[in-house]
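All remarks here apply to the structure that follows.
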Amino acid sequence: MTETKIAMTIEEASEYTGIGRNTMRNLVEWGKLPVLKIGRKVLIKSDILEKFMEVNEGKNLRDKGDVKAVTRKSAV
1459 MTETKIAMTI
1469 EEASEYTGIG
1479 RNTMRNLVEW
1489 GKLPVLKIGR
1499 KVLIKSDILE
1509 KFMEVNEGKN
1519 LRDKGDVKAV
1529 TRKSAV
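So the sequence shown is numbered by this note's numbering: it starts at 1459 and just counts up by one.
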């Protein structure tokens, strides 16, 4: 039986999506991806990440102005 995580670290989210770790960190820093911080650990919920990928399909994720932010409300 395969476990599905409801949240991932930046490294796990990077591996899951194919987005580079530094780009993923930038997206979090720019406020484009909402995160849960527990001490130094940063978690990104899986449903938020999937919505982010849908909303930004075809966008240049290295260009802050081209990336659309995803909020908790838009992912529900």
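Glycine included, each C-beta is placed from N, C-alpha and C at the ideal position. This structure is a prediction, so every number in the text was calculated from the model and none was measured.
(message) On a Cα-Cα basis, can you pick out the residue from 1470, 1506 and 1490 that is closest to residue 1524?
(response) Reading the sequence shown from its first residue, position 66 is the one you call residue 1524. Residue 1524 has its Cα closest to that of 1490, out of 1470, 1506 and 1490.
(request) Starting from residue 1463, follow its DSSP beta bridges and name the residues at the other end. (result) The count along the sequence shown starts at 1 and reaches residue 1463 at position 5. DSSP output for residue 1463 lists no bridge partner at all.
(request) Please go through the same chain and pick out, in chain order, the residues whose beta-carbon is closer than 7 Å to the beta-carbon of residue 1527, but skip the five residues on each side of it. (result) The residue you call residue 1527 lines up with position 69 of the sequence shown. Only 1489 and 1490 meet the Cβ criterion.
(request) Just mark residue 1570 as buried or exposed, buried being the case when its beta carbon has 16 or more other beta carbons within 10 Å. (result) Residue 1570 cannot be examined here, being either before or after the span of the chain that is shown, 1459 to 1534.
(message) Tell me the residue span of the alpha helix (DSSP H) that contains residue 1509.
(response) As a position in the sequence shown, residue 1509 is number 51, starting the count at 1. Residues 1504-1513.
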